[in-house]
Structure formats: C-alpha cells, structure tokens
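Residue numbers (my numbering): 90 to 374.
Glycine is no exception: its CB is placed at the ideal position from the N, C-alpha and C atoms.
Below is one structure, written out as structure tokens; the observations come after it.
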C-alpha cells in the first residue's frame with residue numbers, strides 16, 4: 090500500500106473530538122476508468138481506477154477511514170454526478186445520481202491509481218457494478234473530502250470490523266504503529282472472506298482474530314470478542330465498524346468500562362434493511 094507522507098500542515102486541519110482530528114481538502118469531481126479487477130477473498134473484489142488528477146489524491150497519515158462517494162451508471166449506462174459548489178455536492182438529493190460511500194483502500198499518486206474494495210453481492214447497485222466491472226468501465230468519484238486523523242500514541246489498539254469495514258481495517262494495519270500492541274478482530278460469515286492483510290511493522294505486537302458468525306448472531310459475537318480484549322485497559326484506542334445494529338451495544342460496553350470519547354470510534358457502515366445508510370448519523374455519540 091502506498092501512503093504518501095504528506096504533512097498535515099499542507100491540509101486544512103480542523104478540531105474534532107478529543108484525540109481525533111479532522112482534515113479537510115477541496116472536493117474534487119472526477120470520472121475515473123477501471124484499469125484492473127481482482128478477487129481478493131471469497132466476498133471481496135478489488136477495483137483499481139485511474140484517470141483525471143488521481144495523482145493529486147493524498148491520504149492523510151493515520152486516516153484509515155478516508156472515503157469517497159462513488160457514482161454508478163444508471164440502467165442506460167449514463168453517469169449522473171452533481172456539480173460541486175462551495176466544496177459541496179450541489180442538490181445531490183435532486184439528481185438522478187446513484188451513489189454510495191466507500192473506503193479508499195489505496196491511493197498511489199505515482200501510479201495514478203485509486204483502489205476500492207467491494208463486498209460481492211447482487212442486491213445493490215455497488216455490488217452489482219463491482220461484480221460486472223471490467224477494464225474500460227467508468228465510474229464517478231467525489232472526494233475524499235474529509236479525514237478523521239486518529240491518535241498514534243496509545244499503547245494498545247483494538248480494531249474490530251465486519252466484511253464492509255475490512256478495507257479500513259487493512260489501512261489501520263498498514264499504519265506505522267511499531268511500538269503499539271495491536272489486536273484486530275474480523276467478524277465475518279466465513280474465514281474465506283478475509284483477504285491477505287498487511288504484515289506488521291518491525292517490533293509491533295499484533296494478533297488477528299477471525300470470528301465467524303451469521304448476521305443474526307453478530308451482536309453476540311462482537312460483544313464476546315470485545316469483552317475478551319479487556320475494555321478496562323487504561324491506554325487502549327478502540328475502532329469498531331460494521332453493521333449499525335450489531336455494533337450499537339458496544340457503545341455502552343465501552344462507556345461502562347470507562348472508555349472516553351477520545352479513545353473510541355464506533356461507526357455504523359450499513360444497517361440491515363436500509364439502502365444507502367448515511368453512516369455519518371451512525372457515528373459514535
């Protein structure tokens with residue numbers, strides 16, 4: 090993975106909640122072209138994109154959840170992208186745009202590529218597009234616009250993800266946390282859903298646990314995994330992402346253990362039965 094070592098001073102750094110800062114950058118509107126498609130696990134397909142000004146896409150250090158809005162062709166194969174006004178998409182709710190938010194798995198300015206990993210499924214526009222994607226196909230992209238820059242000085246990090254959050258988990262595992270103890274938990278339907286993950290930097294103590302459970306049992310599986318990792322540990326940063334209903338009880342678990350807001354980030358990426366969930370409203374309280 091390529092993470093350019095851009096100084097945060099070159100970006101617009103705004104205050105956020107304790108321990109987590111927010112970086113903003115000008116919102117770019119692009120149409121990119123598929124240059125490669127690879128299966129990376131039983132449920133994940135990797136799509137590599139190239140095109141206009143991708144070489145200007147820079148990922149902030151310790152910002153593993155950088156994401157973009159992807160705009161998919163309609164039934165006639167046409168892309169509908171909103172105009173950008175004052176660094177915001179204009180009248181997005183009034184367009185015929187078909188869009189979803191996706192984590193950026195990699196941005197390589199030297200190669201001029203942007204990489205997105207998709208969960209393979211046929212019950213939504215993103216999954217259907219990814220299954221059928223071939224080199225030469227086009228897709229619209231907005232962003233990344235803002236980044237959460239996480240603290241890098243904790244003694245221990247616990248990272249919990251379902252299939253949809255594995256790209257962000259992989260970004261976390263690429264972070265240069267050489268002196269930290271890192272525990273990653275992937276809660277998935279099958280062990281075959283987990284792709285090869287980045288190797289730890291020299292000196293890092295790391296464990297990766299794969300928990301298999303159907304969606305109906307995810308909340309219980311997540312609760313057991315989190316409790317086993319000692320929520321009361323005084324210098325642990327917790328990052329948890331996945332289906333909103335399954336991870337919601339973990340907020341109370343961590344609060345009751347004394348984990349303040351500066352040491353946790355819990356993000357609902359999707360919700361059973363809800364199309365195009367606005368994950369911003371599912372963020373940790």
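Taking all protein chains in view, the Cβ of residue 135 is crowded by 16 or more other Cβ atoms within 10 Å, so the residue is classified as buried. Excluding sequence positions up to five before and after residue 129, its CB lies within less than 7 Å of the CB of 135, 206, 284, all in the same chain and listed in chain order.
Straight through space, the alpha carbons of residue 218 and residue 227 are spaced by roughly 10 Å.
Under a 10 Å Cβ-count criterion, residue 347 is classified as exposed, with fewer than 16 other Cβ atoms of the shown protein chains found around its own Cβ. In the three-state reduction of the DSSP assignment, residue 351 falls in the helix class, which pools H, G and I.
Residue 119 is positioned such that its CB atom lies no closer than 8 Å to that of residue 238. Separation of residue 177 and residue 117 (C-alpha to C-alpha, rounded to the nearest whole angstrom) is 9 Å. Taking all protein chains in view, the Cβ of residue 336 is crowded by 16 or more other Cβ atoms within 10 Å, so the residue is classified as buried. As for any beta strand (DSSP E) of minimum length 3 sitting wholly inside the segment 119 to 168, the runs are 133 to 140, 156 to 161, ordered along the chain.
Between residue 196 and residue 148, the CB-CB gap stays under 8 Å. In this chain, the beta strand (DSSP E) harbouring residue 236 covers 235 to 238.
Straight-line spacing of the CA atoms in residue 180 and residue 171 works out to 7 Å. Approximately 6 Å separates the beta-carbon atoms of residue 315 and residue 342; this is inside 8 Å, confirming the contact. With respect to the 8 Å criterion, residue 249 and residue 271 are not classified as neighbours on the basis of their beta carbons. When beta bridges are read from the DSSP output, residue 178 appears opposite 173.
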